[in-house]
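Undergrad: The structure under discussion is supplied below as structure tokens; questions concerning it will follow.
Residue numbers (our numbering): 1405 to 1970.
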């Protein structure tokens, strides 16, 4: 809890329905009573909710308060109409307010209390219903329009009467336009005060589909609906991360297929057999993706990262090598190529099935995992199992057909240069090992002991690190720091980040938004530091860790501020 905000988290057993849990919390809150001015609200934020961030940019005639009003009253409603958007959080800017500065002397002079002024203003700023009035054959609804629309309306509110003379608000003080006490501030690059909007994804929706709708809405707003000179400018879009992830996976798949083909050709020494085996990879992947779509599973970095090309081609490699051997070494009178293929398949079919089954059985424990680990690793196991099943199917169907089509004419099996060199080296080492058995066993035992001793030092991570091409930096300042001082420090830190040529842009968030979705205060500042591609970095900056070290050396000179990089 901090001043003006308490953040309460509810924890439920894993596997319960989120929306049922949410409704249960709402039901219990409805039965509770709270002090005046305290309003409980369920936060729309969740772990991967923030899918889109934008800045509302205006020309030199548009004030920060006007931009904030546009964000609160226009953009928030427009974005919340999009299916899949649960909410839009406004951060930064000044929220418009009407201020009544009361003169204490005037209150004493007219014998009016401050509570009377507050009550009069509250009662005057309301529409009320007066039921209905029947006039002849017609019925008329009666209502009183009392909403305040201008400063003059506020000044004309009557608070009391003294000796028959009405006392108005303008008699007791001054009415002006101001803004709420600020809870947060956003800065982007060299602009110290901007209005930011954060679009939050609703649970159960696909981020990519919702982002496409958001893009169309932004184009519509910029083209038709926003005032002249005001634009929505994007500075974070998860679409970039999704596309980068997909491109990375595709590059890995293509590189894996090419690498498998090259290695197979180097060891087999036969171009057509290498092609047949390499074709197993795309066909097995096609089978995997088709089954994932049928089962409603999504392709992501974790599930696709489970695919091992080496194991995928194993079954086809054994099948093709057996067929190749039968055709090359067992010509036999009256035996046709299809007959050779059938004999070869029968010879290795059962071992291939058993070997694949053993691998699949090893993944059964992952399917039995529950909770968060089960949510993460079960899809990985499923993808792996589908890929192996697809490869097994290709080994018994596609591979024999391709062998019959491509392995025609006289075929001769010859060891490649690489195989001959490897055999020569291995045979020499094998002879030495057989002659020095104790030395080999002692060395193997020593390696085993060293490996076991190194286990406690390995460390580990529950989730692998995902490279998004940026840094998220948190600066923690003294808890009693003022808003102005913290704002100056945030600007100073942004300037420090810009001193590094690897940085393309910096966004700072100080404090919290008005809706309290980020429960913190002025002592907390967060920075989104966008980076260039690694190939554009300086030669001495060889990794992100090295860049962080360089930045830490500079920001460490700021007294009383602790930085955390992620």
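Note that beta-carbon positions come from the ideal geometry of N, C-alpha and C, so glycine has one too.
Among all the DSSP beta bridges, which residues are the ones paired with residue 1592?
TA: Bridge partners of residue 1592: 1595 and 1911.
Undergrad: Identify whether residue 1501 lies in helix, strand or coil by the three-state DSSP scheme.
TA: Residue 1501: strand per DSSP, three-state reduction.
Undergrad: If you check the beta carbons only, do residue 1657 and residue 1453 fall under 8 Å apart?
TA: Their beta carbons are not under 8 Å apart, which means residue 1657 does not touch residue 1453 by this criterion.
Undergrad: State the start and end residues of the unbroken beta strand (DSSP E) segment that holds residue 1583.
TA: Its beta strand (DSSP E) spans residues 1577 to 1583.
Undergrad: For the beta strand (DSSP E) holding residue 1459, just list the boundary residues, first then last.
TA: Unbroken beta strand (DSSP E) run through residue 1459: 1454 to 1461.
Undergrad: Using 8 Å for Cβ pairs, my map puts residue 1785 next to residue 1767. What's the rounded Cβ distance?
TA: Contact flag correct, Cβ pair sits at about 5 Å.
Undergrad: Short check: CB of residue 1579 to CB of residue 1555, under 8 Å?
TA: It is a contact, given that the beta carbons lie within the stated cut-off.
Undergrad: At the level of alpha carbons, what is the spacing between residue 1675 and residue 1669?
TA: Roughly 6 Å separates the two Cα atoms.
Undergrad: As a quick exercise: from 1923, 1901, 1959 and 1958, pick the residue whose alpha carbon is nearest that of residue 1592.
TA: Measuring from the Cα of residue 1592, the nearest candidate turns out to be 1901.
Undergrad: Using the Cα positions of residue 1588 and residue 1873, report the straight-line distance between them to the nearest angstrom.
TA: C-alpha separation (whole angstroms): 26 Å.
Undergrad: Tell me, to the nearest whole angstrom, how far the beta carbon of residue 1719 is from that of residue 1667; I am working on the premise that it is less than 8 Å.
TA: That pair is no contact at about 17 Å.
Undergrad: Helix, strand or coil, according to DSSP, for residue 1449 in the structure here?
TA: Residue 1449: coil per DSSP, three-state reduction.
Undergrad: May I ask you to verify whether the stretch 1615 to 1625 touches the stretch 1498 to 1515, counting CB pairs closer than 8 Å and requiring at least 3?
TA: Because the criterion of three Cβ pairs below 8 Å is not met, the stretch 1615 to 1625 and the stretch 1498 to 1515 do not touch.
Undergrad: Could you spell out where the alpha helix (DSSP H) holding residue 1559 opens and where it closes?
TA: Its alpha helix (DSSP H) spans residues 1555 to 1559.
Undergrad: Alpha carbon to alpha carbon, how far is residue 1879 from residue 1860? Give it in angstroms, no decimals.
TA: If you take the alpha carbons of residue 1860 and residue 1879, they lie about 33 Å apart.
Undergrad: Check whether the stretch 1482 to 1500 and the stretch 1596 to 1613 touch, using three or more Cβ-Cβ pairs below 8 Å as the test.
TA: They touch, by the three-pair rule.
Undergrad: May I ask you to report which of helix, strand or coil DSSP gives residue 1779?
TA: Residue 1779: helix per DSSP, three-state reduction.
Undergrad: Residue 1725: which of 1712, 1747 and 1707 sits nearest, CA to CA?
TA: With distances taken between Cα atoms, residue 1725 lies closest to 1747.
Undergrad: Under 8 Å by Cβ, that's how I've got residue 1475 and residue 1599 pegged, so tell me the actual separation to the nearest angstrom.
TA: Right, the Cβ-Cβ distance comes to about 5 Å (below 8 Å), so this counts as a contact.
Undergrad: Please give me, in chain order, every unbroken run of the alpha helix (DSSP H) with length at least 4 that falls completely inside the stretch 1690 to 1734.
TA: The qualifying runs are 1705 to 1708 and 1713 to 1733.
Undergrad: Name the two residues that bound the continuous beta strand (DSSP E) containing residue 1667.
TA: From DSSP, residue 1667 is part of no beta strand (DSSP E) but of the alpha helix (DSSP H) over 1642 to 1672.
Undergrad: Using 8 Å as the limit for Cβ to Cβ distance, is residue 1873 near chain D?
TA: Of the protein chains in this structure there is only one, and it is not chain D.
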